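Each residue of the sequence shown is one higher than the one before, counting from 519 in my numbering.
All residues carry an ideal CB built from backbone N, CA and C; glycine is no exception.
No experiment lies behind these values; they were computed from the predicted model shown.
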Amino acid sequence: MHMAGRVQPKPSESLARARKLRRESTPPERLLWSVLRGRRLGGLKFRRQESVGPYFTDFCCREKKLIVEVDGMSHDNRTTHDARRDAFLQSEGYRVIRIMNWDVSKDL
């Protein structure tokens, strides 16, 4: 299946990729997950590396249509990709919040 010019991965491929991304999460992502997991933030259920369309999100609360992305230095040169990705997610009704690595580390 094609979405926005991209091939949608098969469910088994998506699951394997999500697991790999969870294993390779950054220290700030792990720190934020420790706050979000188990409905610890306002009773909201967040999932890590949840797929929405062709994209994987760092943290997603489907109930509130909320996505939280933790961006590092590598995101400085990904502004076009991130803008296209955010536009797709917003077109699906999601609100996208981007937090820089150092803000997670500093504020949690």
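- For residue 626, no alpha helix (DSSP H) encloses it, and the DSSP letter there is neither H nor E.
- When DSSP reads this structure, residue 573 sits in a beta bridge with 570.
- Contact annotation: the segment 617-624 touches the segment 543-555, with at least three C-beta pairs closer than 8 Å.
- Measuring C-alpha to C-alpha distances from residue 564 to each of 555, 626, 570 and 572 identifies 555 as the nearest.
- Residue pairing by DSSP puts residue 587 in a beta bridge opposite 616.
- Under the three-state reduction of DSSP, residue 548 is assigned to helix.
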